[in-house]
Every structure is written in C-alpha cells, then in structure tokens.
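Novice: Have a look at this one.
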Amino acid sequence: MENLRPSVPVRRIFKADPESLRCRLPGGWNTARESKESHSSRTIEKDRQGKFLRVLTWSGAGFGFLIMASMVIYILVTGLPALQTSLFSWTYTTDNVSMMPAIINTLITVVLTLAVSLPAGVGAAVYLEEYAPRQSRFVALVSLTAETLSGIPSIVFGLFGMLLFVYQMNLGLSLLSGILTLSVLILPLILRTSQEALRAVPDTMREASYALGAGRLRTVFRVLLPQAANGIFSGILLASGRIIGESAALIYTAGTLAEPAFNLMSPGATLSVHMYKLLNEGLFMSQAAAVSVVLLLLCVAMNLGQFLIRSRMMKGKN
Amino acid sequence: MIQTRRESAMKFVFAGCAAMSVLCVALICWFLFPNAIPAILKIGPAEFFFSADWAPEQNRFGILAMIAGSLCLALGAVVLGVPIGVLCAVFLVYYCPAKLYKPFSFAISLLAGIPSIVYGFFGLTVLVPLIQKCFGTVSGKGILCSSILLAMMILPTIVSLSESALRKTDPAIYDASRALGASHDRTVFYVCLPAAVSGIRSAVVLGIGRAIGETMAVIMVAGNAAIFPSSLLSPVRTLTTGIVLEMSYATGLHRQALIALGAVLFVIILVMNLYFSSRKRKEMC
Amino acid sequence: MKTYRKFKAVLAASVTALSLAGCSVKSDAASAESAQSTSGQIAVLAREEGSGTRGAFTELFKLAEDDKDLTKADAEITNSTAVMLTTVSQNPNAIGYISAGSLNDSVKAVSIDNVYPTVESVMDGSYTVSRPFLIAEKEGSDNKLAQDFKSYILSQSGQSIISDEGYVPIDADAVYEASGLSGKLTVGGSSSVTPVMEKLAEAYQKENPDIQVSVLQTDSTTGASGTVEGIYDIGMLSRDLKPEEESQGLESTVIARDGIAIIVNPSNSINELSKEQVKAVYTGEISDWSELLIDEN
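Protein chains in written order, with the numbering used here: chain A, 228 to 545; chain B, 1128 to 1412; chain C, 7 to 303.
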C-alpha cells in the first residue's frame, strides 16, 4: 500500500542515473520496508514516528493549500458581485469609477518598464556569464548589489524615485518617473532569471559554436540567447507580475490619476494604485474588490504563461 | 578588424549593463544618505536609534520602537511561515502524487503574485475579526495578526526556494539511506532535509527580507501605534509603515527623519545580504 | 490512488473548516449586533500624526496642550479612511473619526454636545468639529486657467456641487460663465479633498470642453510642496497652510468646510457624547464603554 506511493523525483533519479539503479536491492526500495515491518516492537515505534512525520507533511501541505484557497475564495466572494461591465468603460468619472484607464496604464507601464530593464538586465547577465572572469571582484560586486537591490523594500524605491526622478530630474509626478523607478526595481529580477537561463545552456553549445568559427558576439546572439529565450521569457512574466502588483513604489512617483497616460509626462495610476486610491477614502470599497478580481486574473494569466513555458522547456529537453 | 572592434565594443556595452545595478545602488545611497545622515546627526544618533519616543510634531524622533516592531514581525512571520513552507516543499518533492503536483505548485505561485494591498484587505476583514473573537481583545490588530499575514505572504518564497534546495540534494544519499533500511519518511526528514539546510536557510533569509520590507499589507493590520511592543496582541509600527503613514504630511526635519528610516531599512537589508553572501562563500570553500 | 484519496480528504476537511470559520465569524457578528450591551474596553482609532483630519480633531477637542499631542500612545493609527470605516464597522468596541463626507451606513455617527454632523449644523456653526478645505496657489501667479477654475469653484454652481457631496459650502453669490479658455490644469494634494475636487473638475470641464483638469490624489503636504515646485498648478489642502509654507510664497483660499464625524459601531448603544468625554476617551482617562454609560445617566 504505502510503498506504492509514487514519489516523482525518486523515479526520475532512477531514470536518469543508472549508477544508483545498480546499487538498489533486487526488490527495489520496497524490500527494506517489508523486512522492517516484520521486526521487533522497536521498529513499530519507529514506524509510528514515520507516520507522524507523514501526517505532519500532509497537514502542512493541506494548511498551505488552505491558505491559498481562502485567499482566492475571499477575493472572488467580495469581488465578483461588484464586477460590472460599466467598470470597463473607457472613461473614469466619479460616478462610475472605471478601471479601464488603469488597465491601459498598467499595460503601458509593463511594456515600457520591460523595454528599459530587459536589455540592461539581459546584457548584464551576458556579461556576468559569458565575458567576466569568474572570480573577479567586479562580478562579486555586481551580484552583491543585485541581491541588495532585490531585497530593498519597494517603499524605499518609492522614496528614491521621488527624490531622483520626480524632483531632481524634474520629471514631475508622471508615468515616466514611475516606469524608471520600476525599471530599477525589476532589474535584479531580470538579471537573475537571465543569468540562470544562460547558465542552463550546456557548454557543448558554446564549444560547438566557437568550433564552427563563430565569434563571441555571434555565439551570444545566435546560439546562447535563443537557447535561453524560454528562461528569459519566464523572467519577463515574473517581472510583469511584480510590476502589476506594485503600489508602494508608484504612489509617490507616478501619481494616482485615473486617466490613460498616453503622454508619458502626465501622471497615471496602474491597477494596484487605482485600487489603493479607491480604498483610501472609503467611498468605493466594492469597486476596489472588483479591481482585485481583475488583478487576480492577471496573476493567473502570468502564472499560466510561466507553466506553459516550463512545460515547453521540459519537452525541449527530452 | 571591424569584427574585433565590434566584439570589444559590445563587451563594454555588456559590462556597462552589468554596472547598472552597481550604479543603481550607488544612486540610491547618493539620494538617501545626504538626506538621512544630517537628520540623524541633528536629532542625535543616540536619541534616534535608542529612544522609543516617536512624536514628530514635538520634534522627538526615536525609532527604537519601530525597529523592534519590524524585527518582531519578521520573527513572527518566520516562526509561523517557515515550518509550513518547508513542509509544503517536502510534500512537493517527496510526497506529492504526480497528479497533484501541478495544481499545488500553481496555487503556491499564485499566492506569490497576489498584490500586497489585496492581502492587506484580506487581513483587515478576515483575520482581524477572527483574532479579536479568538482572543477576546479590544482590537484584533497587532503583532499576531500581522505575523500571520506576513507568514502567508512569505510562504511562496519559502516553498519555492526550499523546494529547489531539496531537489538539489544528491539523490545518492536518499538511496543510501533507504538501502540502510530507513523508511521513506525517516529518510526524507533525517537525511534529505538536513542535506538541504543551507538552501532552506537562504529561503529563510529572503523571507525575513520580504517580511521586513512589506508595507501596504502590514499598514492595514498592524495597529500602527508607535509604542514598544509589549505583548503578542499589542499594536506595532514597523519601519516601512512608519514611512508610509507620515511621508504624506511630513516637512523639514520630519521628512528627512522618514528618509532616514528608509536608509536604516536599506542598511538592514545590505547587512543581511553581506552576512549571507560571506557565509555562502565560506560554505563554498 | 490511496494518497490521492487522502489528499481529497484533507482538501474536503480544509474547505469545511474554512466555511465553518466563515460561518462562525458571521454568526459572531450577528450576535454582537443583537446584544446591545455596551461595555468592554474601548478600541481607540486615530489618524496618523500630521494628517489634516487628526490636526483638526486634536485642535477642536483640545487634545493639543503646550504643543503636545495628548492622544494616548497605544491608540491604533491608520492613514486611510477605508481602514477606519472597516475597523469600526467590524469592531463593536471601536471609536474613530472620519470626514463627514465619507460617512456611510456601516458605522454610526454620534452627536457631539447634542448636535449631529450635517451640512446645516456645520454651516450654522452649531456643530463645531469641522475643518477647512483649501486650495493653494503661488502668490502672484498669472495662470489664467487656475484663476478661472478657482472662480468656478467659488461660484454658485461650484458651491452647489460641494453641498451635494455632503461637504459644507461657503457663502457664494457669484455666477460663473464659461471663459472659453483652453489648456491643461493640474490639481493635486489632500486625499480628503480629492473626491469633491474630481466632481468639480468634471462639471468644470463640461462648461469648458477645451480645458483638461487632472486631479491627483496625494496629501496636503505634497499638495503644498508640489505647488511650490510647480508640479501642480493648484494644491489641495485639508488643513491650514503652515508658516513655512506661506513663506515659500503660497496663498490659500478656503473653498469649503468639512465636518469631522465621531463614529462608533452600529451596535453600540451610545448615541451622544460630550466634547469632554471624547477628549477623555482619546487621552485614555476613560478606557471602558461602561464609564461613558454611567456618565450619561
């Protein structure tokens, strides 16, 4: 019974590693348990502990799942009744607090932030993985600062963006200030995921490319980046999720205006900021709940995208 | 010739990209510290760091209560969140039936993507009344409620990092342990889990970082009184919420003091990272 | 297969637990509503230090003595009206204060010295707990759009919008006529003023289709500093200008008044409080609802 428990990774190990296969007893790993169960009382006691551990794991996982389920149920129960088509009309008025402008602003922000941050992040990853000597101080410094950046609370980014972009560079409260602030915020994320993606490209690829006479640059653009594209793309989705969910870094940089900011110098609220604003004066609580449903949907979409990519990567490998 | 020139030019471009993150940190320092340090000096470092008396209207700026608040919440979140997170990771790696793996890990990553402001409202309308009823206190807001909420928020980080740490352990040790007669359960908990402990530690550090930095959710459920936390249920103000609460209205020294709060947060994160990366390097050697 | 069944069992158990928890919360709330007992510790909610609402509140209830804010240190602080409303509507022991324009049915406003906060009572001065809404401009600014918008706000049509929204208009007899100007105007500042300012901007743009008014919600201080720095053409404040802001060349105009309502949970049996009682609650002298009931009898 218990011993038939499919344990995914273990199976995978056996598939991948013939060495460990050979080490196994003829009866597989079931034999150990069977012989043990027929042993003395001491082993029964041991088994009790095993059972306890198993129950612990299952309940821990169940609890984790419960937390997730309660969050989603909560969002749907409060938000769905308030979700009306009028909330998606093109203009925001005080009678109909439409979230359409905020959705447009969110799209603009995601696209432009990535446009700023993606080349820088991927370029940095290429340098760290392909050019820089492994043990150099510069590499250590870059990874340390990237880690620091990724740990900085978003409110500190908000303060920084306000001081630098809004006041010092005189961009004012504008979507542009917000985009620049967010670019700094997601830079380490892009850097890390691209680095991991490049690291996953097997060295044989590089060797083959060099052996065919391609230069380093050509190898990077024609071989490595296409190979790493899936990983980088999943990083993009992760970063988009972060941008969509961000509010603390945007309130003091991009403002809260619920109008589409086609002119980047004008302020504009993204969905999260829009929700923050709706909640602030307590006049539009149910509409804010509706926004949270849309945010949840976006989040699901981002995650689905990532799952698709990951499964495509798995297929590619086999 | 052109080829090599292009090669070296692009090398510099890539190096420039890599320098961006250094530049960003430098810029953040450049803009935070010139505001923060004069303010701290003017207030007096001793008063600023070691007084718990925060009353900006009367020019009393002591942030000890907020530092204590931030640490309490981070500790609470870790105590509540890490066991569940690690158990979830163990489940995903060693117990999860293949059919369940996808939905479960999808659920966990979904939890990571929900904006913090949504968590805040969940806490305010679900957790706060629940805690108030359970403990019969005046108000449900406070350390306990914020810790539970933060534990929920750091759960995905803990799970995903612990999971990859567990997957990275040498499969041979599992087999070795089973070959010695240990059951699946005992092997997982006494062999694989200890082997992954350094990865799990890094998950905890990242979780602490996220818990210290969280703002928008905590501000709704923490009660935000700037007093030294005395019990699990007493209201608490953290460094981050201290900034958001008052940034709106602050002028002059008060505003600089709030930027100094941001600088303190920055330094805390930096020190944590430095300690962590030096430890990692030691382990590698 | 067995494990899968087990998981289903765990899932089912968790869902039941969840729904039970949900139900118990609901029934608890219901029982709290039915029980009219008003005793127990008072949960005191205040706004953050420096906010316009808190400033006006401490001033009007004489909670500021010798430049010292007497509000008790362990009072819960929030920076959002929504959190204040939600907390008070959920917690039968809570007391808080909000802008009278944000009042809704989920909470109950109490009368102060036997006067309820209404537009009329604030206007005739019998409800004394109110504060001004201001707009600020740079001194000697020659922004024609800003002047025109200001004259609209101060006209009869502008003031009628203000009173429709539950805020208290000031005396106005000027009639506004569309100016035919065109351009862009940025107004920013206090979150308390924002909702009514958005209404004003909408109506104003109807009269002047060529003018685009953006209303940005931040806060009073940013409203003032933003106007000084030229980010906003007009700043919105829910408190008076500070001396240092006036010295930076700002001048302000009162556009409306706003009552501050003291709110309690709807199940709370207390309907009226005196100014002294509110003060005692906020300083911590009175910490239990029963003390207030004894006072009343």
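Beta carbons: idealized from backbone N, C-alpha and C, even for Gly.
(1) If we count the other Cβ atoms within 10 Å of its Cβ and call it buried at 16 or more, is ARG249 (chain A) buried or exposed?
(2) Which ranges does the alpha helix (DSSP H) cover as unbroken runs of at least 4 residues, wholly within the region 189 to 233 of chain C, from first to last along the chain?
(3) What does GLU1184 (chain B) touch in chain C if you count any residue whose Cβ is under 8 Å from its own?
(4) What residues from chain A crowd round SER1236 (chain B), counting only those whose CB sits closer than 8 Å?
(5) For chain C, check one thing: does any of its Cβ atoms lie closer than 8 Å to the Cβ of VAL1371 (chain B)?
(6) Helix, strand or coil: which one does DSSP assign to PRO1356 (chain B)?
(7) Out of A:HIS501, A:GLY509, A:MET529, A:VAL527, which has the shortest C-alpha to C-alpha gap to VAL518 (chain A)?
(8) By how many angstroms is the C-alpha of TRP1157 (chain B) removed from the C-alpha of ALA1166 (chain B)?
(9) Checking the sheet assignment: what are the DSSP bridge partners for ARG53 (chain C)?
(10) Quick test of your reading: VAL50 (chain C) and GLU82 (chain C), contact by CB under 8 Å. State the CB separation rounded to the nearest angstrom.
(11) Tell me, to the nearest whole angstrom, how far the beta carbon of LEU243 (chain C) is from that of SER226 (chain C); I am working on the premise that it is less than 8 Å.
(12) When you measure from the CB of LYS1226 (chain B) to every non-hydrogen atom of the ligand NAP, does any distance come out below 7 Å?
(13) Below 9 Å between beta carbons is the criterion; list the residues of the region 1141 to 1160 of chain B that meet it against any residue of chain A, in chain order.
(14) Find out if the Cβ-Cβ distance for the pair LEU1293 (chain B), ALA1323 (chain B) is shorter than 8 Å.
(15) Give me the DSSP bridge partner(s) of VAL121 (chain C).
(16) Which of the residues in the region 182 to 199 of chain C, read from start to end, lie with their CB under 9 Å from any CB of chain A?
(17) For the candidate residues C:GLY46, C:GLU54, C:THR64, whose alpha-carbon lies nearest to that of THR289 (chain C)?
(18) Hey, is the region 481 to 494 of chain A in contact with the region 400 to 412 of chain A, meaning 3+ C-beta pairs nearer than 8 Å?
(19) Could you give the C-beta distance for ALA1338 (chain B) and LEU1388 (chain B), rounded to a whole number, given that I count them as a contact under 8 Å?
(20) Quick check on the DSSP output: the beta strand (DSSP E) that includes TYR479 (chain A) runs from which residue to which?
(21) Count the other CB atoms within 10 Å of the CB of TYR331 (chain C); is the residue buried (16 or more) or exposed (fewer)?
(22) Below 8 Å between beta carbons: does that hold for ALA142 (chain C) and LEU256 (chain C)?
(23) Alpha carbon to alpha carbon, how far is MET1399 (chain B) from PHE1160 (chain B)? Give it in angstroms, no decimals.
(24) Compare the C-beta of PHE292 (chain A) with all C-beta atoms of chain B and state if any pair is closer than 8 Å.
(25) Could you tell me whether the Cβ atoms of LEU355 (chain A) and GLN454 (chain A) are closer together than 8 Å?
(26) The alpha helix (DSSP H) that contains GLU508 (chain A), what's its start and end?
(27) What's the C-alpha gap between TYR1228 (chain B) and ARG1364 (chain B)?
(28) Is the beta carbon of ASN530 (chain A) less than 8 Å from the beta carbon of PHE1233 (chain B)?
(29) Determine, using beta carbons only, whether ASP264 (chain C) and SER157 (chain C) come nearer to each other than 8 Å.
(30) Just to confirm the assignment, what range does the alpha helix (DSSP H) spanning VAL287 (chain C) have?
(31) Would you call the CB atoms of SER1148 (chain B) and PRO415 (chain A) closer than 8 Å?
(32) Is the Cβ of ASP34 (chain C) closer than 8 Å to any Cβ of chain A?
(33) Please check if any C-beta of chain C sits within less than 8 Å of the C-beta of ALA1352 (chain B).
(34) For the region 305 to 367 of chain A, which segments carrying the beta strand (DSSP E) assignment without a break, of at least 3 residues, lie completely within its bounds, in sequence order?
(35) With 16 as the cutoff for other CB atoms within 10 Å, does SER363 (chain A) come out buried or exposed?
(36) So, is the C-beta of CYS526 (chain A) closer than 8 Å to a C-beta in chain B?
Specialist: The structure says:
(1) Because the pLDDT at ARG249 (chain A) is just 39, under 50, the model does not fix this residue reliably, and the point stays unresolved.
(2) 200 to 213
(3) GLU55, GLY56, ASP73, ASP75
(4) ASN530, GLN533
(5) yes
(6) coil
(7) A:HIS501
(8) 15 Å
(9) C:THR84
(10) 7 Å
(11) 4 Å
(12) Although the ligand NAP was asked about, the structure shown includes no ligands whatsoever.
(13) PHE1141, ALA1142, GLY1143, CYS1144, ALA1145, ALA1146, MET1147, SER1148, VAL1149, LEU1150, CYS1151, VAL1152, ALA1153, LEU1154, ILE1155, TRP1157, PHE1158, LEU1159
(14) yes
(15) C:ILE118
(16) LYS190, THR192, GLY194, SER197, SER198
(17) C:THR64
(18) yes
(19) With a Cβ gap of about 17 Å, ALA1338 (chain B) and LEU1388 (chain B) do not count as contacting.
(20) Premise fails: TYR479 (chain A) is in no beta strand (DSSP E) and is neither H nor E.
(21) There is simply no residue 331 (chain C) to check, as chain C begins at 7 and stops at 303 in what is shown.
(22) yes
(23) 19 Å
(24) yes
(25) no
(26) Per DSSP, GLU508 (chain A) belongs to no alpha helix (DSSP H) and is neither H nor E.
(27) 39 Å
(28) yes
(29) no
(30) 281 to 289
(31) yes
(32) At ASP34 (chain C) the pLDDT is 43, less than 50, meaning the model places this residue with poor confidence; the figure from the coordinates comes in the next sentence. False, the Cβ-Cβ gap to chain A never drops below 8 Å.
(33) yes
(34) none
(35) exposed
(36) yes
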